[in-house]
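Before any comments, here is the structure.
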Amino acid sequence: MNHTPAVSPWLWGSLFAQTLAAGADAQVARALREARLASLLAAARASPLYRERLQHAPVHGSDDLHALEPVAKAELMQRFDDWATDRAVTRSAVDRFLETSHDLADAFLGRYLVWTSSGTSGTPGIFVQDEGSLAAYEVLDALRLRSQTSYATLPLTAWSAGQRFAFVAATGGRFAGAVAITRLVRLHSAWSWLAPQISTFSVLTPLAQLAAELQQWQPTVLITYPSCAVALARLQLAGGLTLRLSELWLGGEQLSTGQRALLRRAFGCPLRNNYGASEFFTIACECEHERLHLNDDWLILEPVDRQLRPLPAGEPSHAVLLTHLANHVQPLLRYRLDDAVRFTGEACACGSRLPVIEVQGRSGHTLVMHDERDREVTLLPLALETAIEEGAQVTHFQLLCTAPDALELRLEPEVADPVAAFGRAQAALRAFLAGHGLGQVRIEHGRRPPLRERASGKLCRVRMAPREPDA
Ligand SMILES: [Zn+2]
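Numbering of the sequence shown is given in the working numbering, commencing with residue 1 and proceeding in unit increments.
Here you go:
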């Protein structure tokens, strides 16, 4: 069996101490940020793509980072072989690895972890993580993700005996969350007395079946997306599910105040929420005052407008530019993420000095459709998105629910062959719907462009059709 990449205890310990100090002192954080940026820039010179960029704009520190031209996923994926600093990381090597590796947490080239994203912004991504990156994620998880008021709690306690984890996610692909969980289970199973009991469940499973599986597993910690947790919470409140959770970990979608209240009422346990991406696993962690704190010692996040110009604190951004200070194998310098983020510029009552941000992240509508016998069937937005993205390899779409038994699929103008793309998406959707007892639902090809949210201009991929037809 291929091994899974591990972090050396020495590296772990030293980053733990640094991260602990940076969390408490802004001066320490700034010094660490500059040192990490300098070392990232030095490493990036081994990447032909960044060497070109840095020749045009010499960057010495975070103060002149803005001189560097931003980069987007499409360009990195197109120039994949020019991107990595380790010249052995090529597209053909990764593709071969993805085809032949049987376990999500297998090491690539003996030292890296690989995950993919299904492409909410249109292009699927392949992300290779080195030991430094994995160490940073682990340390952030240990110190900040679980919003401990006391730093005495080491990560192992989260995995300690007696806890039963249920991870409900898109499990079909090699997604970051699934890879990270698989890796931790493999690392911890070496110490059988500490091995957590963990089970993964697919978010594409019909809700009633998912609930029955969870009921049987009886997790103490449930890890999932807000929309899925809310659907389960409704079942719990209606008496169709009796989970006794000690913690609920959420991520991947925006969490609203209403959802939060419902989850508390249903499960009566602490919620742990975070904001992350395939590109950086834990961008911000929520504190006990329910505010997201940016991990500004491990990443630089620049809020920008539509033209990618910097925005002052207080204004919601059109996108953000991410600089990942931990991963040297595939550098991300001023990498565009299409999330609307607002730096509040306010101090938080929890006492943390880490900047407070608000994120208008990924979210969609949970659809309630009717089967042939007019019974309600709940469909999660993320499950629908995944069914289309993975089943049809179509990413530029919007799915509108126009009636309890009708869906309209719209494609973005850049889709090259819309008739073929619709055909594939329709077939993937049909299979997914049939699995939910919704074989009779009509799927129409909408010819108008997808609707954008009025306030943010963002595309909500799965949503109810508006009452008034759009022009
Ligand atoms: Zn706080």
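A virtual CB, placed ideally from N, CA and C, is assigned to each residue, including glycine. Just so we're clear, the structure is a prediction, and the values are computed from it rather than from any experiment.
Same chain only: Cβ atoms within 6 Å of residue i, ignoring 5 sequence neighbours per side
i, result
"residue 428", "387, 388, 391, 392"
"residue 136", "298, 326"
"residue 73", "123, 125"
"residue 79", "49"
"residue 45", "51"
"residue 149", "With a pLDDT of only 38 at residue 149, under 50, the local geometry of the prediction cannot be trusted, and the value read off the model is given with reservation. Cβ within range, chain order: n/a, list empty."
"residue 185", "198"
"residue 89", "128"
"residue 168", "201, 203, 224, 228"
"residue 308", "70"
7 Å CB neighbourhood of residue i in its chain, flanking five on each side removed
i, result
"residue 380", "203, 227, 228, 231, 366"
"residue 104", "174, 178, 179, 182"
"residue 4", "105, 106, 107, 183, 186, 187"
"residue 152", "Confidence at residue 152 is low in this model, with a pLDDT of 38, below 50, so its placement is unreliable and no value can be given for it."
"residue 91", "80, 81"
Reference residue i, options the options, closest by Cα
i, options, result
"residue 164", "100, 221, 182", "221"
"residue 405", "334, 272, 368", "368"
"residue 170", "462, 384, 408", "384"
"residue 443", "214, 306, 425", "425"
"residue 375", "438, 325, 298, 26", "438"
"residue 316", "357, 55, 13, 435", "357"
"residue 134", "460, 441, 113, 275", "113"
"residue 12", "59, 76, 140", "140"
"residue 42", "30, 31, 55", "55"
"residue 215", "206, 198, 240, 223", "240"
"residue 14", "5, 32, 4", "32"
"residue 371", "311, 434, 462, 341", "434"
"residue 67", "142, 167, 283, 302", "302"
"residue 63", "257, 38, 337, 75", "38"
"residue 81", "69, 394, 47, 290", "47"
"residue 417", "430, 394, 398", "394"
"residue 304", "291, 344, 318, 463", "318"
Beta-carbon contacts of residue i that lie in its chain and below 8 Å, excluding the five residues immediately before and after
i, result
"residue 172", "202, 204, 386, 390"
"residue 352", "23, 287, 293"
"residue 116", "98, 124, 125, 126, 127, 173, 174, 175, 278"
"residue 7", "131, 134, 135, 138"
"residue 242", "215, 236"
"residue 465", "400, 401, 402, 408"
"residue 157", "With a pLDDT of only 45 at residue 157, under the threshold of 50, the placement of this residue in the model should not be trusted; the figure read from the coordinates follows. Excluding residues within five positions, none has a Cβ falling inside 8 Å."
Where the alpha helix (DSSP H) through residue i begins and ends
i, result
"residue 12", "9 to 24"
"residue 181", "176 to 188"
"residue 388", "381 to 392"
"residue 234", "226 to 237"
"residue 418", "418 to 435"
"residue 133", "131 to 140"
"residue 298", "It is not in any alpha helix (DSSP H) - residue 298 carries neither H nor E in the DSSP assignment."
"residue 214", "207 to 217"
"residue 550", "With the chain covering 1 to 471 only, the question about residue 550 has no answer from this structure."
"residue 50", "48 to 56"
"residue 323", "No alpha helix (DSSP H) holds residue 323; the beta strand (DSSP E) holding it covers 319 to 324."
"residue 94", "91 to 100"
Cβ distance (whole Å) where residue i is taken to contact residue j below 8 Å
i, j, result
"residue 40", "residue 331", "6 Å"
"residue 408", "residue 446", "4 Å"
"residue 396", "residue 414", "6 Å"
"residue 280", "residue 321", "Not quite, the Cβ-Cβ distance comes to about 12 Å (not below 8 Å), so this is no contact."
"residue 233", "residue 271", "With a Cβ gap of about 11 Å, residue 233 and residue 271 do not count as contacting."
"residue 28", "residue 21", "5 Å"
"residue 106", "residue 2", "4 Å"
"residue 254", "residue 360", "6 Å"
"residue 217", "residue 284", "In fact, because the Cβ distance is near 30 Å, the residues do not count as touching under 8 Å."
Distance cut-off 7 Å: residue i Cβ against heavy atoms of ligand 3
i, result
"residue 289", "With respect to small molecules bound, the structure shown includes ligand 1 and not ligand 3."
Range covered by the beta strand (DSSP E) that runs through residue i
i, result
"residue 202", "197 to 202"
"residue 335", "335 to 337"
"residue 352", "From DSSP, residue 352 is part of no beta strand (DSSP E); its letter is neither H nor E."
"residue 342", "340 to 343"
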